[in-house]
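**Q**
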Amino acid sequence: MAHKFNPSDHPHRRYNPLKGDWVLVCPHRAKRPWKGQLEPAIEQTTPRFDINNPLCPTAHRPNGIVNPDYSGTFVFDNDFPALLDDVPVPDKEDNDELFQTSPAEGNCKVMCFHPHSDLTLALMSRVEVRAVIDKWAELQEELGKMYTWVQIFENRGAVMGCSNPHPHCQVWSSSYLPNEAEVKDKKLKEYYLKHDKNMLLDYAERELKKQVRVIAQNEEWVCVVPFWAVWPYETMLIPLRHTLRFNDLTNKQRDDLVDIMKTLLIKYDNLFETSFPYSMGWHGAPNNSEDNSHWQLHALYYPPLLRSATIRKFMVGYEMLANQQRDLTAEQAAQRLKDLPNIHYSCKKN
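Residues are numbered in this note's numbering as their position in the sequence shown, beginning at 1, plus a constant of 1.
Set out below in structure tokens:
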């Protein structure tokens, strides 16, 4: 007689409606012993100010420009941008469909959150985090008038490729829809046309009813581990009212975003009592004249740590060649995060 399926024990696949693909969930593998790579456990103390750090106030950047003595947020054009304006149009390869090129114009900016290098968003004050949110909205408003897509993203921690410990993010704007946005636009529109409902608002409503993957919520936002999460402690922030883009957020939404962001980031740090690494970013409606009612603003957090501050998940082998896979279920990850205190571990030690 076959055993009854248990999602906490048995392998299964989960569908991601935002991408139209599947993730393989293998919870039984979480019980296996680990003898793989360990990340360094020792956290180096970051000095509050280092004149040799090109993101610090009054420091020299590689191009010779001296930063102002800023006291809040600070935005500047990336000294080594991936995207440029006014680039030549690529030549066509005799209209060969196997050798297609397309123009790629844009702008890349760096935004420092705070003048102090030893802070993170989790440790900054509510007023300081609100200033970051307001600057994000300002950049979306300004750059959205010139570019189709504005991608705000933060890479935090050396394990995520962040070469500078200073609290900062990047803003890449492009004349085209990047791959992730293009696929998401298509899937959101398909759902909207089929159900006459906004997918992410529909999803948020259902998650609030179930509560099994909800980490935190307030009047304006919900934070969940998505049902289809790939990274071990992947999360999503969704506004509870229809909001197309970041600059559309109301004062109340921004205030409540401060609270739920800090709650999430403190829980992340508390999980393994470390400065939790991640890549995160905001997705909202493209900047065009089309009806984008199918879109809903949301943030995505992709942290790599799996079992401890020294054990991370690698996307290799089967994940690269066949199917994304995870061991810990989304429900287990959500419960672990939800149960963590909302006071930062460093405050309790002091």
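Don't be surprised by glycine CBs; every beta carbon is placed ideally from N, CA and C. The structure displayed is predicted, hence computed values, not measured ones.
(1) Hey, out of 271, 24 and 174, whose CA is closest to residue 144's CA?
(2) According to the Cβ coordinates, are residue 271 and residue 167 closer than 8 Å?
(3) Just to confirm my understanding: we take residue 343, look at its own chain, exclude 5 residues before and 5 after, and list those with CB closer than 8 Å. What are they?
(4) DSSP three-state call for residue 212: helix, strand or coil?
(5) Would you say residue 193 and residue 295 are within 8 Å of each other, going by their C-beta atoms?
(6) State the start and end residues of the unbroken alpha helix (DSSP H) segment that holds residue 344.
(7) I need the straight-line Cα distance from residue 331 to residue 337, nearest angstrom please.
(8) Exposed or buried, residue 118, counting other C-beta atoms within 10 Å across all chains shown (16 or more means buried)?
(9) Is it the case that the region 148 to 167 contacts the region 272 to 284, given that we only count it when at least three CB pairs across the two stretches are under 8 Å?
(10) Give the C-beta separation of residue 138 and residue 258 to the nearest angstrom, bearing in mind that I take them to be a contact with Cβ-Cβ under 8 Å.
(11) Could you check if residue 328 is buried or exposed, using at least 16 other CB atoms within 10 Å of its CB as the buried criterion?
(12) May I have the straight-line CA-CA distance separating residue 73 from residue 235, to the nearest angstrom?
(13) Compare the beta carbon distance of residue 48 and residue 55 with 8 Å and say whether it is the shorter of the two.
(14) Could you please give the first and the last residue of the uninterrupted beta strand (DSSP E) stretch that includes residue 300?
(15) Specify, as a first and last residue, the run of the alpha helix (DSSP H) that residue 319 falls within.
(16) Of all the options 129, 244 and 128, which has the alpha carbon lying nearest to the alpha carbon of residue 284?
(17) Can you check which of these residues, 208, 178 and 136, is closest to residue 150 by C-alpha distance?
(18) Taking Cβ positions, are residue 112 and residue 136 nearer each other than 8 Å?
(19) Taking 8 Å as the threshold (C-beta atoms), are residue 213 and residue 335 in contact?
(20) Exposed or buried, what is residue 121 when buried is set at 16 or more other beta-carbons lying within 10 Å of its beta-carbon?
(21) By DSSP's criteria, residue 225 is part of a beta bridge. Which residues make up the other side?
(22) Use the C-beta contact count for residue 6: other C-beta atoms within 10 angstroms, 16 or more gives buried, fewer gives exposed.
(23) How far does the beta strand (DSSP E) with residue 274 in it extend, from its first residue to its last?
(24) Can you check the region 124 to 176 for any beta strand (DSSP E) of at least 3 residues that lies completely inside it and give the ranges in chain order?
(25) Can you list, in chain order, the residues of its chain whose CB lies under 6 Å from that of residue 100, leaving out five sequence neighbours each side?
(26) Between residue 323 and residue 188, what straight-line distance do the alpha-carbon atoms span, to the nearest angstrom?
(27) For the alpha helix (DSSP H) containing residue 189, name the first residue and the last one.
(28) If we count the other Cβ atoms within 10 Å of its Cβ and call it buried at 16 or more, is residue 66 buried or exposed?
(29) What are the boundary residues of the beta strand (DSSP E) that includes residue 112?
(30) Between residue 51 and the rest of its own chain, which residues show a CB-CB distance below 7 Å, the 5 nearest in sequence each way excluded?
(31) For residue 314 versus residue 233, is the C-beta spacing smaller than 8 Å?
(32) On the three-state DSSP scale, how would you describe residue 88?
(33) Taking buried to mean at least 16 other C-beta atoms within 10 Å of its own C-beta, is residue 228 buried or exposed?
(34) How many angstroms separate the CA atom of residue 246 from the CA atom of residue 225?
(35) Pick helix, strand or coil for residue 29, following the three-state DSSP scheme.
**A** From the atom records:
(1) Along the sequence shown, read from residue 1 onward, the residue named residue 144 stands at position 143. Of 271, 24 and 174, the residue nearest in Cα terms is 174.
(2) Position 270 of the sequence shown holds residue 271. Position 166 of the sequence shown holds residue 167. Contact: no.
(3) Counted from its first residue, the sequence shown places residue 343 at position 342. Closer than 8 Å at Cβ, skipping near neighbours: 264, 267 and 268.
(4) Residue mapping note: residue 212 aligns to position 211 of the sequence shown, counting from 1. The answer is coil: DSSP assigns residue 212 none of H, G, I, E or B.
(5) Taking the sequence shown and counting its residues from 1, one reaches residue 193 at position 192. Taking the sequence shown and counting its residues from 1, one reaches residue 295 at position 294. Their beta carbons are under 8 Å apart, which means residue 193 touches residue 295 by this criterion.
(6) The count along the sequence shown starts at 1 and reaches residue 344 at position 343. In the DSSP assignment, residue 344 falls outside any alpha helix (DSSP H), carrying neither H nor E.
(7) Position 330 of the sequence shown holds residue 331. Position 336 of the sequence shown holds residue 337. So the two alpha carbons sit approximately 10 Å from each other.
(8) Here residue 118 corresponds to residue number 117 of the sequence shown, with the count starting at 1. Residue 118 comes out buried.
(9) yes
(10) Stepping through the sequence shown from its first residue, residue 138 is reached at position 137. Stepping through the sequence shown from its first residue, residue 258 is reached at position 257. About 10 Å; that fails the 8 Å criterion.
(11) Stepping through the sequence shown from its first residue, residue 328 is reached at position 327. Under this definition residue 328 is a buried residue.
(12) Along the sequence shown, read from residue 1 onward, the residue named residue 73 stands at position 72. Along the sequence shown, read from residue 1 onward, the residue named residue 235 stands at position 234. Linking residue 73 to residue 235 through their CA atoms gives a straight-line distance of about 29 Å.
(13) As a working mapping, residue 48 is identified with position 47 in the sequence shown. As a working mapping, residue 55 is identified with position 54 in the sequence shown. Against a cut-off of 8 Å, the Cβ pair of residue 55 and residue 48 comes out as no contact.
(14) Taking the sequence shown and counting its residues from 1, one reaches residue 300 at position 299. Counting along the chain, the beta strand (DSSP E) containing residue 300 begins and ends at 299 to 303.
(15) Here the question's residue 319 lines up with position 318 in the sequence shown. Counting along the chain, the alpha helix (DSSP H) containing residue 319 begins and ends at 319 to 322.
(16) Residue numbering aside, residue 284 sits at position 283 when the sequence shown is read from its first letter. Residue 284 has its Cα closest to that of 244, out of 129, 244 and 128.
(17) Locating residue 150 in the sequence shown gives position 149, where the first residue counts as 1. The option with the nearest alpha carbon to residue 150 is 178.
(18) Along the sequence shown, one-based indexing puts residue 112 at 111. Along the sequence shown, one-based indexing puts residue 136 at 135. Cβ distance < 8 Å, so residue 112 and residue 136 count as in contact.
(19) For the purposes of this step, residue 335 is identified with residue 334 of the sequence shown, where counting begins at 1. For the purposes of this step, residue 213 is identified with residue 212 of the sequence shown, where counting begins at 1. In contact: residue 335 and residue 213 (Cβ atoms closer than 8 Å).
(20) In the sequence shown, residue 121 corresponds to position 120, counting from 1. Label assigned to residue 121: buried.
(21) Here the question's residue 225 lines up with position 224 in the sequence shown. Paired residues: 215 and 237.
(22) Locating residue 6 in the sequence shown gives position 5, counting from the first residue. Exposed.
(23) If you number the sequence shown from 1, residue 274 lands on position 273. Per DSSP, residue 274 belongs to no beta strand (DSSP E) and is neither H nor E.
(24) For the region 124 to 176, whole beta strand (DSSP E) runs of length 3 or above, ordered along the chain, are 150 to 157 and 169 to 175.
(25) If you number the sequence shown from 1, residue 100 lands on position 99. Excluding sequence neighbours, residue 100 sits near 94.
(26) Residue numbering aside, residue 323 sits at position 322 when the sequence shown is read from its first letter. Residue numbering aside, residue 188 sits at position 187 when the sequence shown is read from its first letter. About 22 Å.
(27) On the sequence shown, position 188 is the one that residue 189 refers to. Taken as a continuous stretch (DSSP letters only), the alpha helix (DSSP H) holding residue 189 covers 180 to 196.
(28) Here residue 66 corresponds to residue number 65 of the sequence shown, with the count starting at 1. Exposed, because fewer than 16 other Cβ atoms sit within 10 Å of the Cβ of residue 66.
(29) Counting from 1 along the sequence shown, the entry for residue 112 is found at position 111. From DSSP, the beta strand (DSSP E) with residue 112 extends over 107 to 113.
(30) In the sequence shown, the residue the question calls residue 51 occupies position 50. 57 and 118, listed in sequence order.
(31) On the sequence shown, residue 314 is found 313 positions in, with the first residue counted as 1. On the sequence shown, residue 233 is found 232 positions in, with the first residue counted as 1. Yes. Within cutoff.
(32) Counting from one through the sequence shown, the residue named residue 88 turns up at place 87. Residue state, collapsed to three classes: coil.
(33) Residue mapping note: residue 228 aligns to position 227 of the sequence shown, counting from 1. Label assigned to residue 228: buried.
(34) Indexing the sequence shown from 1 puts residue 246 at position 245. Indexing the sequence shown from 1 puts residue 225 at position 224. Answer to the nearest angstrom: the Cα atoms are 20 Å apart.
(35) On the sequence shown, position 28 is the one that residue 29 refers to. Here residue 29 sits in helix by DSSP.
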